[in-house]
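Have a look at the structure below, then the notes.
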Amino acid sequence: MDAEAARRKQVAPPQEKRKRGRLELRRIQDRTSRQVRFSKRRSGLFKKAHELSVLCDAEVAMVVFSPAGRLYHYASLGTSIEKTFCRYWDLANTDIDLNIEARDSRDNYNTQVKHINS
1 MDAEAARRKQ
11 VAPPQEKRKR
21 GRLELRRIQD
31 RTSRQVRFSK
41 RRSGLFKKAH
51 ELSVLCDAEV
61 AMVVFSPAGR
71 LYHYASLGTS
81 IEKTFCRYWD
91 LANTDIDLNI
101 EARDSRDNYN
111 TQVKHINS
């Protein structure tokens, strides 16, 4: 038993996994720290956009303006910001038109049902 007890003491208990603490979202007061954080976050965001584009064959476009007003952008390989935004704009307007038509059709249907039930 003494050898077994000694062996148990030598085996370290399993270490708990460290969890990242939650970051409190608030404006960074120090201007230099804020610029450094912006630059690092922007780089990470663009890296994730590139990964999404490559791994999933997705068309990705991003535009970011820095606090100083500088423009940063990313577009998937084989496309451009303009092409992707035009595609978005066309689809967004089509969806709006379809939603208006669906709402009008639904309202017309409800009016007819009320008239029949009266």
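Note that the sequence shown covers residues 1 to 118 in UniProt numbering. All C-beta atoms in this analysis are idealised placements derived from N, C-alpha and C, irrespective of residue type, glycine included.
- In the three-state scheme derived from DSSP, where H, G and I count as helix and E and B as strand, Val63 is classed as strand.
- The three-state reading of DSSP puts Leu77 in coil, since its state is none of H, G, I, E or B.
- Membership of Glu51 in the alpha helix (DSSP H) is indicated by the continuous run Arg31 to Cys56.
- Leu25 has no beta-bridge partner at all, per DSSP.
- Around the Cβ of Val36, a 10 Å sphere holds fewer than 16 other Cβ atoms; the residue is exposed.
- By the neighbour-count criterion, in which 16 or more other beta carbons inside 10 Å mark a residue as buried, Ala75 falls on the buried side.
- Its chain contains no residue whose beta carbon lies nearer than 6 angstroms to that of His50 once the 5 sequence neighbours on both sides are disregarded.
- Taking a 10 Å sphere around the C-beta of Val60, we find 16 or more other C-beta atoms and assign the residue as buried.
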